[in-house]
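If you count the sequence shown from 1, position 165 lands on 154 in the working numbering, and the numbers rise without skipping.
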Amino acid sequence: MKLELLNTSVVVLAQQHNPTILHPSFLRLQDVVPADWEVAEDPISTPPFSVVKYANGLVFAVETNRFQVIDNGPPADPRESRVADLARKYIRALPHVRYTAVGVNFSGFVESAEPQKALCRRFLKRGPWNEKALTITGLGLRFSYPVSEGGLRVDCNSGTVRRGKDTEEKTGMIVNVNYHTDVAGGEPLAAAEKALSLYGERCAHF
């Protein structure tokens, strides 16, 4: 089975982000993004939530407790994605925010005509819980592991994806992976930057 990478992202949690400051002009003036990046659509800026989407597939999103950079067109090698570097530049522009955790995320897709049956065959032992009297109509899996400087969670579910407006919808298994690192100590900015520096290591492990 071949895993297709749908997106990669980094999340920085904090006690109090300020969504209203997220705007293309802020990102440009703070040298978070290059001046020639084109915005894909009008940005959304509200007190509880703001989002800026660029034509190259990179997205910035801020809520009151989380900041996220998403790469919706990731390279084949996710280590070449700029999400961690962009997140690092953003938090450096806001050094007084109390950062609390960093997450590195990957979303992938494995095409399958019958994903539900494929998951059952691979992960579910035969028994009374899936015999004729009890027909399984849904199966979701979650695996949790300890990893260096954090924790790893892997979720597997059946679903569909469509990569573009003019492409066909595909059926298969959706795999969501999260590497979580808590940020502790008296220097939250430095600790958050250290956690972001693990991005390459997380990619290699993934």
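Where a beta carbon is used, it is the ideal one built from N, C-alpha and C, also for glycine.
Here the structure is a predicted model, which is why all the values come from computation and not from measurement.
Cα atoms of L141 and R81: separation of roughly 26 Å, rounded to the nearest angstrom.
By the criterion of a C-beta distance shorter than 8 Å, P8 is surrounded in its chain by S34, T35, P36, P37, F38, S39, V51, E52, T53, once the five residues flanking it on both sides are discounted. Pairing E138 with L187 gives a Cβ-Cβ distance under 8 Å. Residue environment analysis places P177 among the buried positions, since at least 16 neighbouring C-beta atoms fall within 10 angstroms of its C-beta. DSSP, read as helix, strand or coil, puts V150 in strand. For K78, the uninterrupted alpha helix (DSSP H) run begins and ends at 72 to 81, by DSSP. Within the same chain, V(-1), L185, Y188 come within 6 Å of A73 by CB-CB distance, once the 5 residues on both sides are set aside. Per DSSP, the unbroken beta strand (DSSP E) holding Y168 starts and ends at 159 to 171. Only exposed fits L123, as fewer than 16 other CB atoms lie within 10 angstroms of its CB.
About 6 Å separates the Cβ atoms of Q4 and T89, confirming a contact at the 8 Å cut-off. Secondary structure note for R55: its beta strand (DSSP E) is the uninterrupted segment 55 to 60. Beta bridge pairing from DSSP links D144 with R131, N165. Contact holds between the segment 166 to 182 and the segment 89 to 101, because three or more Cβ pairs, one in each stretch, are under 8 Å apart.
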